[in-house]
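Engineer: According to this note's numbering, the residues represented by the sequence shown are 1 to 222, in order. Here it is: the structure, laid out below.
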Amino acid sequence: MKSSILALLLTFSGMTAIFAQTNAAADKETYTKMITDRAAKIVTNLGLNDARKTEKVTVIVRDQYSDLNDIYAARDARVKEIKERNKDNKVERDSALAKDGRIVEKALNKLHKKYINKLSAQLTNEQVELVKNGMTYNVLPITYKAYQEEILTLTEDQKKQILIWLTEAREHAMDAESSDKKHAWFGKYKGRINNYLSAAGYDLKKEGIEWEKRRKAKTQTN
Numbered sequence: 001m002k003s004s005i006l007a008l009l010l011t012f013s014g015m016t017a018i019f020a021q022t023n024a025a026a027d028k029e030t031y032t033k034m035i036t037d038r039a040a041k042i043v044t045n046l047g048l049n050d051a052r053k054t055e056k057v058t059v060i061v062r063d064q065y066s067d068l069n070d071i072y073a074a075r076d077a078r079v080k081e082i083k084e085r086n087k088d089n090k091v092e093r094d095s096a097l098a099k100d101g102r103i104v105e106k107a108l109n110k111l112h113k114k115y116i117n118k119l120s121a122q123l124t125n126e127q128v129e130l131v132k133n134g135m136t137y138n139v140l141p142i143t144y145k146a147y148q149e150e151i152l153t154l155t156e157d158q159k160k161q162i163l164i165w166l167t168e169a170r171e172h173a174m175d176a177e178s179s180d181k182k183h184a185w186f187g188k189y190k191g192r193i194n195n196y197l198s199a200a201g202y203d204l205k206k207e208g209i210e211w212e213k214r215r216k217a218k219t220q221t222n
């Protein structure tokens, strides 16, 4: 009886391992298809006429998503281990997490530079900009346009500063691990922009109200 039970458990264990491996392979295949489709959608907007270059750039963008995922997956595993190891020592835990955060930031910066170099070897500056915007839901051009439509009296220097900060936000957002965190980077820099404009004497609440009036009037006219 004992040997039969043991055999049954071993069989079940083997089936579980095969099932887990199959699921892992299926998950990886699904993920690879998802990031390939995402990359292809971004590259479609570049206006490339060369099929081989289109494929090459799509692979570059796809691999960037994959490499970013690898960095964050490894980080998550380390963070889990750090928290378990230091569950009774908050000071040690926080210090280890901060140190790991610096490791992640260094890895992201290195990967970012390599990625931009790869894109630049295949694309024009304008096309690289389109890839960056595609990876960040076009938040930069949409937000930059919105600021100019909301505040009609922005000076050229103010427009330039807004664009500098939104561009900086985009560079960070490109490497963020989720949609929410990409938008969070822009939110952080929009706060900086708003403080800058308020310090320059703009009443942002009033500007927003007037902008809404103009948009409504335009909609009614059309």
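Glycine included, each C-beta is placed from N, C-alpha and C at the ideal position.
Around the C-beta of residue 134, are 16 or more other C-beta atoms found within 10 angstroms, so that it is buried, or is it exposed?
Structural biologist: Answer is buried; the Cβ neighbour count reaches 16.
Engineer: Going by Cα to Cα distance, which pick from 110, 111, 83 is closest to residue 98?
Structural biologist: When each option's Cα is compared against that of residue 98, the closest is 83.
Engineer: Evaluate contact between the stretch 71 to 79 and the stretch 104 to 124, counting only Cβ atoms and requiring at least three cross-stretch pairs below 8 Å.
Structural biologist: Touching, yes, given that three or more Cβ pairs across the two stretches are closer than 8 Å.
Engineer: Identify whether residue 133 lies in helix, strand or coil by the three-state DSSP scheme.
Structural biologist: Residue 133: helix per DSSP, three-state reduction.
Engineer: Restricting to Cα atoms, I'd like to know which of 31, 28, 30, 194 is closest to residue 154.
Structural biologist: Residue 194 is the option with its Cα nearest to residue 154.
Engineer: How close, in whole Å, do the beta carbons of residue 225 and residue 211 come, if the pair is a contact with beta carbons under 8 Å?
Structural biologist: Look at the range of the chain in this structure, 1 to 222, and you will see that residue 225 is not part of it.
Engineer: Considering only C-alpha positions, which residue in the set 87, 115, 80 is nearest to residue 100?
Structural biologist: For the residues 87, 115, 80, the minimum Cα distance to residue 100 belongs to 80.
Engineer: So, is residue 143 buried or exposed, given that buried needs 16 or more other C-beta atoms within 10 angstroms?
Structural biologist: Under this definition residue 143 is a buried residue.
Engineer: According to the Cβ coordinates, are residue 104 and residue 75 closer than 8 Å?
Structural biologist: The answer is yes: Cβ separation under 8 Å.
Engineer: Between residue 169 and residue 188, which are expected to be in contact by the criterion C-beta below 8 Å, what is the C-beta distance as a whole number of angstroms?
Structural biologist: Right, the Cβ-Cβ distance comes to about 7 Å (below 8 Å), so this counts as a contact.
Engineer: Look up residue 197 in the DSSP assignment and say whether it is helix, strand or coil.
Structural biologist: Reduced to three states, the DSSP call for residue 197 is helix.
Engineer: Measure the CB-CB distance between residue 130 and residue 167 and report whether it falls below 8 Å.
Structural biologist: Not closer than 8 Å, so no.
Engineer: Going by C-alpha to C-alpha distance, which of 36, 67, 66, 65 sits closest to residue 54?
Structural biologist: Comparing Cα positions, the closest option is 36.
Engineer: For a minimum of 3 consecutive residues, which ranges assigned as the beta strand (DSSP E) are wholly contained in the stretch 88 to 122?
Structural biologist: Correct list: empty.
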